[in-house]
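*Asks:* Take this structure, written in structure tokens, and hold onto it; I'll ask about it next.
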Amino acid sequence: MSGLWRCGLLKLHRAASACSPGRLVACRRWLSMQRYSTEERGRPNTAEYRLYFKNEDGKFISPFHDIPLYPRTEEDLDVPAKKSKSNWAKSIFNMVVEVPRWTNAKMEIATKESLNPIKQDVKKGKLRYVSNIFPHKGYIWNYGALPQTWEDPGHKDKDTKCCGDNDPIDVCEIGSKVRFAL
1 MSGLWRCGLL
11 KLHRAASACS
21 PGRLVACRRW
31 LSMQRYSTEE
41 RGRPNTAEYR
51 LYFKNEDGKF
61 ISPFHDIPLY
71 PRTEEDLDVP
81 AKKSKSNWAK
91 SIFNMVVEVP
101 RWTNAKMEIA
111 TKESLNPIKQ
121 DVKKGKLRYV
131 SNIFPHKGYI
141 WNYGALPQTW
151 EDPGHKDKDT
161 KCCGDNDPID
171 VCEIGSKVRF
181 AL
């Protein structure tokens with residue numbers, strides 16, 4: 001597992017919406033997600049482990065608050081990230097991959113910590129792991145969250161009758177590759 005983290009698998013990537021499920025849009029107009037980097041603190045598979053994010057200037061940022069939901073195009077450099085000039089840009093989302101495909105440490109954005117690093121989830125004092133689905137190890141998809149979103153625990157969905165979990169919206173990228181930084 002730690003080798004996967006050090007190779008940069010737990011980074012950001014663009015996830016396509018329902019109009020092209022599981023496929024990334026390869027278009028020169030999109031800026032690379034490599035403008036973000038990560039810094040590890042602590043040892044993987046420990047409660048102290050944290051993965052912090054940095055912007056292109058090397059400043060620490062929050063993957064929850066500072067990464068835009070929609071990727072910015074080169075045309076949008078002079079426009080705030082939330083106000084994209086191109087309408088079709090609303091079908092592509094940034095995704096923070098918390099649990100890369102074929103890994104099983106249950107990682108999550110630490111919403112109550114400063115800068116919201118990614119940490120391993122703990123339940124009843126024990127580190128959490130995703131169950132293996134034989135013959136596979138861990139999730140069979142890239143699992144994570146959509147930045148700048150939040151599920152309100154005080155709101156009950158009329159269709160599912162469920163309330164939000166007080167975290168960013170969960171997302172699965174169903175594709176054939178473990179996501180590397182783009």
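So that you can map any letter, position 61 of the sequence shown is 61 in the working numbering, and since no number is skipped, the others follow by simple counting. Glycine included, every Cβ here is placed at the ideal spot set by N, Cα and C. Just so we're clear, the structure is a prediction, and the values are computed from it rather than from any experiment.
1) Within its chain, find whatever has a CB closer than 6 Å to the CB of Ser62; leave out the 5 residues flanking it on each side and keep chain order.
2) Hey, is the segment 131–144 in contact with the segment 95–106, meaning 3+ C-beta pairs nearer than 8 Å?
3) Between which two residues does the beta strand (DSSP E) carrying Ser37 extend?
4) So what does Gly144 bridge to, in DSSP terms?
5) Compare the beta carbon distance of Val99 and Ala145 with 7 Å and say whether it is the shorter of the two.
6) Shorter than 7 Å from the beta carbon of Tyr49 to some beta carbon of chain D?
7) With a Cβ-Cβ cutoff of 7 Å, do Pro153 and Cys163 count as a contact?
8) Taking a contact to mean a Cβ-Cβ separation below 7 Å, would you say Arg50 touches Arg43 in this structure?
9) Can you give the beta carbon distance from Asn94 to Leu69, rounded, assuming they're within the 8 Å contact cut?
10) In whole angstroms, give me the CA-to-CA distance for Ile169 and Asp121.
11) Roughly how many angstroms separate the alpha carbons of Lys177 and Glu151, rounded to a whole number?
12) Which residues in the same chain as Asn166 place their Cβ atom closer than 7 Å to its Cβ, once the five residues preceding and following it in sequence are excluded?
13) Per DSSP, which residues does Arg193 bridge with? Please list them.
14) Note down, in chain order, each residue of its chain lying with its Cβ closer than 6 Å to the Cβ of Asn55, except the 5 sequence neighbours on either side.
15) Is it buried or exposed for Ala110, if we count other Cβ within 10 angstroms and need 16 for buried?
16) What do you get for Arg35, buried or exposed, if any count of 16 or more other CB atoms within 10 angstroms of its CB means buried?
17) Which residue or residues does DSSP assign as beta-bridge partners of Trp50?
*Replies:* Well, looking at it:
1) Correct list, in chain order: Leu115 and Asn116.
2) Cβ pair count under 8 Å is three or more, so yes.
3) That run of the beta strand (DSSP E) goes Ser37 to Arg41.
4) For Gly144, the pairing in a beta bridge is given by DSSP as Val97 and Val171.
5) Going by C-beta atoms, Val99 is not nearer than 7 Å to Ala145.
6) Protein chain content of the structure displayed is limited to a single chain, and chain D is not contained in it.
7) Going by C-beta atoms, Pro153 is nearer than 7 Å to Cys163.
8) Result no, Cβ atoms of Arg50 and Arg43 do not sit closer than 7 Å.
9) Contact holds; Cβ gap of about 6 Å.
10) Between the C-alpha atoms of Ile169 and Asp121 there is a straight-line separation of about 16 Å.
11) Going by the C-alpha atoms only, they are around 28 Å apart.
12) For Asn166, where only same-chain residues beyond five positions count, the Cβ hits under 7 Å are Glu151 and Pro153.
13) A query on residue 193 cannot be resolved here, the shown segment of the chain reaching from 1 to 182 and no further.
14) If you ignore the 5 residues before and after Asn55, its C-beta comes within less than 6 Å of the C-beta of Ile61, all in its own chain and listed in chain order.
15) Under the 10 Å beta carbon count, Ala110 is surrounded by 16 or more other beta carbons and is classified as buried.
16) Looking at its Cβ environment, which holds fewer than 16 other Cβ atoms inside 10 Å, Arg35 is exposed.
17) Checking the sequence, you will find Arg at residue 50 rather than Trp. For Arg50, which the question treats as bridged, DSSP gives the partners Arg41.
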